[in-house]
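Q:
There are 2 protein chains.
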Amino acid sequence: MRIALDAMGGDYAPEPNVLGARQALQEHEGIEVVLVGDEEKIAPLLEEDRDHPRLSILHCSQVVGMHERPSAVRSKRDSSIARCWELMATNKVDALVSAGNTGAVAAAGLFTRLFLKGVRRPGIAVVIPTKSGPSILLDVGANAACKPEHLYQYGVMGSLYAQKIVGIEQPTIGLMNIGTEDGKGNELVKETHRLFNQSHFSDAFHGNIEGRDLYQGTANVVVCDGFVGNVVLKVSEGMFEYVMGMAAEGVLPALNQERDLAKQAFKKIADRYHHSSFGGAPLLGIEGTCLICHGSSNDKSIRNALLRTAQHAEVHLNEVIVAALNPPAEA
Amino acid sequence: MRIALDAMGGDYAPEPNVLGARQALQEHEGIEVVLVGDEEKIAPLLEEDRDHPRLSILHCSQVVGMHERPSAVRSKRDSSIARCWELMATNKVDALVSAGNTGAVAAAGLFTRLFLKGVRRPGIAVVIPTKSGPSILLDVGANAACKPEHLYQYGVMGSLYAQKIVGIEQPTIGLMNIGTEDGKGNELVKETHRLFNQSHFSDAFHGNIEGRDLYQGTANVVVCDGFVGNVVLKVSEGMFEYVMGMAAEGVLPALNQERDLAKQAFKKIADRYHHSSFGGAPLLGIEGTCLICHGSSNDKSIRNALLRTAQHAEVHLNEVIVAALNPPAEA
Numbered sequence: 001m002r003i004a005l006d007a008m009g010g011d012y013a014p015e016p017n018v019l020g021a022r023q024a025l026q027e028h029e030g031i032e033v034v035l036v037g038d039e040e041k042i043a044p045l046l047e048e049d050r051d052h053p054r055l056s057i058l059h060c061s062q063v064v065g066m067h068e069r070p071s072a073v074r075s076k077r078d079s080s081i082a083r084c085w086e087l088m089a090t091n092k093v094d095a096l097v098s099a100g101n102t103g104a105v106a107a108a109g110l111f112t113r114l115f116l117k118g119v120r121r122p123g124i125a126v127v128i129p130t131k132s133g134p135s136i137l138l139d140v141g142a143n144a145a146c147k148p149e150h151l152y153q154y155g156v157m158g159s160l161y162a163q164k165i166v167g168i169e170q171p172t173i174g175l176m177n178i179g180t181e182d183g184k185g186n187e188l189v190k191e192t193h194r195l196f197n198q199s200h201f202s203d204a205f206h207g208n209i210e211g212r213d214l215y216q217g218t219a220n221v222v223v224c225d226g227f228v229g230n231v232v233l234k235v236s237e238g239m240f241e242y243v244m245g246m247a248a249e250g251v252l253p254a255l256n257q258e259r260d261l262a263k264q265a266f267k268k269i270a271d272r273y274h275h276s277s278f279g280g281a282p283l284l285g286i287e288g289t290c291l292i293c294h295g296s297s298n299d300k301s302i303r304n305a306l307l308r309t310a311q312h313a314e315v316h317l318n319e320v321i322v323a324a325l326n327p328p329a330e331a
Numbered sequence: 332m333r334i335a336l337d338a339m340g341g342d343y344a345p346e347p348n349v350l351g352a353r354q355a356l357q358e359h360e361g362i363e364v365v366l367v368g369d370e371e372k373i374a375p376l377l378e379e380d381r382d383h384p385r386l387s388i389l390h391c392s393q394v395v396g397m398h399e400r401p402s403a404v405r406s407k408r409d410s411s412i413a414r415c416w417e418l419m420a421t422n423k424v425d426a427l428v429s430a431g432n433t434g435a436v437a438a439a440g441l442f443t444r445l446f447l448k449g450v451r452r453p454g455i456a457v458v459i460p461t462k463s464g465p466s467i468l469l470d471v472g473a474n475a476a477c478k479p480e481h482l483y484q485y486g487v488m489g490s491l492y493a494q495k496i497v498g499i500e501q502p503t504i505g506l507m508n509i510g511t512e513d514g515k516g517n518e519l520v521k522e523t524h525r526l527f528n529q530s531h532f533s534d535a536f537h538g539n540i541e542g543r544d545l546y547q548g549t550a551n552v553v554v555c556d557g558f559v560g561n562v563v564l565k566v567s568e569g570m571f572e573y574v575m576g577m578a579a580e581g582v583l584p585a586l587n588q589e590r591d592l593a594k595q596a597f598k599k600i601a602d603r604y605h606h607s608s609f610g611g612a613p614l615l616g617i618e619g620t621c622l623i624c625h626g627s628s629n630d631k632s633i634r635n636a637l638l639r640t641a642q643h644a645e646v647h648l649n650e651v652i653v654a655a656l657n658p659p660a661e662a
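From first to last, the protein sequence lines stand for chains A and F.
In terms of our numbering, the first sequence has 300 at position 300, counting the first letter as 1, and numbering is strictly consecutive.
Just add 331 to wherever you are in the second sequence, counting from 1, and you've got our numbering.
1) What span of residues does the alpha helix (DSSP H) with residue 347(F) cover, start to end?
2) In this structure, how does DSSP classify residue 102(A) when only helix, strand and coil are distinguished?
3) Quick one: is residue 547(F) near chain A, going by C-beta distance under 8 Å?
4) CB-CB under 6 Å to residue 611(F), same chain, minus the five flanking residues each way: which ones, in chain order?
5) Of all the CB atoms in chain A, is at least one closer than 8 Å to the CB of residue 662(F)?
6) Only counting the same chain, and skipping five residues up and downstream in sequence, which positions put a Cβ closer than 8 Å to that of residue 45(A)?
7) Between residue 251(A) and chain F, is the shortest Cβ-Cβ distance under 8 Å, so that the two count as touching?
8) Counting only Cβ-Cβ distances shorter than 8 Å, please list the residues of the region 539-565 of chain F near chain A, keeping chain order.
9) Does the region 199-211 of chain A come into contact with the region 233-242 of chain A, if we say contact requires no fewer than three beta-carbon pairs (one atom in each stretch) closer than 8 Å?
10) DSSP three-state call for residue 512(F): helix, strand or coil?
11) Alpha carbon to alpha carbon, what distance is there between residue 174(A) and residue 145(A)?
12) If you measure between the beta carbons of residue 664(F) and residue 561(F), is that distance less than 8 Å?
13) In the DSSP output, which residue or residues are listed as bridge partners for residue 367(F)?
14) Quick one: what's got a C-beta closer than 8 Å to residue 68(A)'s C-beta in the same chain, skipping five residues either side?
15) Answer yes or no: do residue 52(A) and residue 25(A) have a C-beta to C-beta separation smaller than 8 Å?
16) Does residue 575(F) get closer than 8 Å to chain A when you measure Cβ to Cβ?
17) Starting from the C-beta of residue 11(A), find all residues in its chain whose C-beta is less than 6 Å away, skip the five residues before and the five after it, and write them out in chain order.
18) Give a yes or no on whether the C-beta atoms belonging to residue 445(F) and residue 365(F) are separated by under 8 Å.
19) Out of 395(F), 397(F), 458(F), 335(F), which one is the CA nearest neighbour of residue 552(F)?
20) Residue 517(F) versus chain A: which residues are under 7 Å apart at the beta carbon?
21) Specify, as a first and last residue, the run of the beta strand (DSSP E) that residue 317(A) falls within.
22) What three-state label does DSSP hand residue 145(A) in the structure shown?
23) Looking at residue 138(A) and residue 223(A), is the spacing between their C-beta atoms short of 8 Å?
24) Shorter than 8 Å from the beta carbon of residue 521(F) to some beta carbon of chain A?
25) Who are residue 289(A)'s beta bridge partners in DSSP?
26) Do we get a CB-CB distance below 8 Å when we pair residue 623(F) with the residues of chain A?
27) Residues bridged to residue 208(A) by DSSP?
28) Measuring only between beta-carbons, confirm whether residue 238(A) sits less than 8 Å from chain C.
29) Once you ignore the five residues that flank residue 439(F) on each side, which residues in its own chain have a CB closer than 7 Å to its CB?
30) Using a Cβ-Cβ cut-off of less than 7 Å, give me the residues of the region 491-510 of chain F that come near chain A, in sequence order.
31) Residues of chain A with CB under 8 Å from residue 588(F), in chain order?
32) Hey, does residue 366(F) have any beta-carbon neighbour from chain A nearer than 8 Å?
33) What residues in its chain sit with their C-beta under 8 Å from that of residue 313(A), if we drop five residues either side in the sequence?
34) Could you tell me the distance, in whole angstroms, from the CA atom of residue 577(F) to the CA atom of residue 380(F)?
35) In or out: residue 461(F) buried (at least 16 other Cβ within 10 Å) or exposed?
Next up, the structure:
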């Protein structure tokens, strides 16, 4: 498994990126990592792994900033994100991992057009924690102008990802809507609803769900337009922080002796949530594997994402997606 | 101020509705309430207010259920929601309050077409609590097929509502988007962004905001498509409950003697949030006043909404909206 790691992507890069790569190499013998980025900054961080046989550096001179427009990746041909995609497009690596500008990583994937057979548009899937265990939400930002066929394919791809990677045996698929009854919502979701009901996946299709069902875990896979998904994901992040802050501010002053115990418990919950929500999010529908990590990733998150790419290959995720989207009856 | 109250709307109707009406009458001498609904169910709840000079019942035989399609209000002509709108359309009342099926209340408003001069589509505004105080989010479900002009008008109406009713002196207007840079997002938000910048409200326009800015209170008024707003509002409701549950489950067992103190503090926060978020939400852009209450409204919420309608009239909210949307330069 050869993996390109965007060494420059993320709020704290390149330190946690390089450290995470070194940890992953130690843990999995089948992994080779190409660190893509500014060699001068990366090299000093390698320490005793300087001559590691499964580690190399591909120097590049540019970086797409975390707050730049995604389209910047088009003009910055020597950016770490563009180079990672180039390595994958030319079969020099099997996977890429980036904690950089999510929009830019996805945009570069769209430009490169490494789409799996039958896939109309790739989509970013995130695993979110819910009352009933993990759910998969997609698309969360790769595609802000979805067509019904795209949403249908997100349901299929998300469902196979849930099964093969997240370990949910028979995932149900819910369509994010503004009411649960059939016939609700705008034209996009109405037509998507019809597509699911007429498809091979009609049994797994739970129908419409509403926003408040998301954290109940009413459906294992929740499908929505990339605009809606991105807003939902970021509102959730902001709201988690807001509610936890409000809870701590309300509870801690009400206590006397046990304030420190409570403070520690709050911190533990925040840490657990942070890591459960923001592992590497795959751009599904791509020839190869692309995992996008949260901008605030630490070395552990990077290491986990690198190891996760190997899992994608082991379970043949792309092959099952292609089989599901190109059923023999339609051949 | 004559107000039609949908006596049948809400999860616990008609008890809290009737009780809330009786409280409002006692508190504000300028209010007259018409209880619209099943007389047999309403009358026994009136008790000593049976012959109250400012209270009357308009009997009707139908109810639009909380989970029925909004369009049901079209065929149920003798439903409490349809009758409330009819009273307003025929100038028998100045305002209506309903805790019933939100979609049906808004749909009936659209059918009735009691739009203020210059208003293209009414929108539902909710006040949400944020780190920096209350913000206004709209539309949250009246209009799931927004055009740029609609979103622009929501910004204007939301801003005047923020000023006149919520008491925010110089409200800023943010456009919900998937990135903060200019030029981000789908066609709808890109064009809306241009409209704001070219308008009389360009100084108040903060530009794009992202989901995570919502609970930071980065903008006082947040404008979005009714599909997005409805999903955001319901995801927030669900997430509040999920995070508070997770916090309580994590913190309470970590304590020994002071578990009860902490439990009370958690409950207090939940109650406060519930009441701060879900007051009566106005359908802005309507000739008259329409306040939509949360389905779980209690008597206090209904009372507050009834009193709030009087405030709408006192500050001449509709007049300032009409003036802002029909500037003399364009006359």
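Even for Gly, the Cβ is constructed at its ideal location relative to N, Cα and C.
A: Inspection of the coordinates gives the following:
1) 346-358
2) helix
3) yes
4) 622, 624, 636, 639
5) In this predicted model, residue 662(F) has a pLDDT of only 46, less than 50, meaning its place in the structure is not dependable; the value taken from the coordinates is given anyway. No, residue 662(F) does not count as interfacial toward chain A.
6) 14, 15, 18, 19
7) yes
8) 541, 542, 543, 544, 545, 546, 547, 555, 557, 558, 559, 561, 562, 563, 564, 565
9) no
10) coil
11) 19 Å
12) Residue 664(F) lies beyond the residue range present for chain F, which begins at 332 and ends at 662; the question has no answer from this structure.
13) 337(F), 389(F)
14) 101, 104
15) yes
16) yes
17) 295, 296
18) no
19) 458(F)
20) 144, 145, 227
21) Looking at the DSSP string, residue 317(A) is not in any beta strand (DSSP E); the run it does join, the alpha helix (DSSP H), is 317-325.
22) coil
23) yes
24) no
25) 95(A)
26) no
27) 175(A)
28) No chain C is part of this structure, whose protein chains are labelled A and F.
29) 404, 412, 413, 416
30) 507, 509, 510
31) 257, 258
32) no
33) 1, 94, 95, 289
34) 45 Å
35) buried
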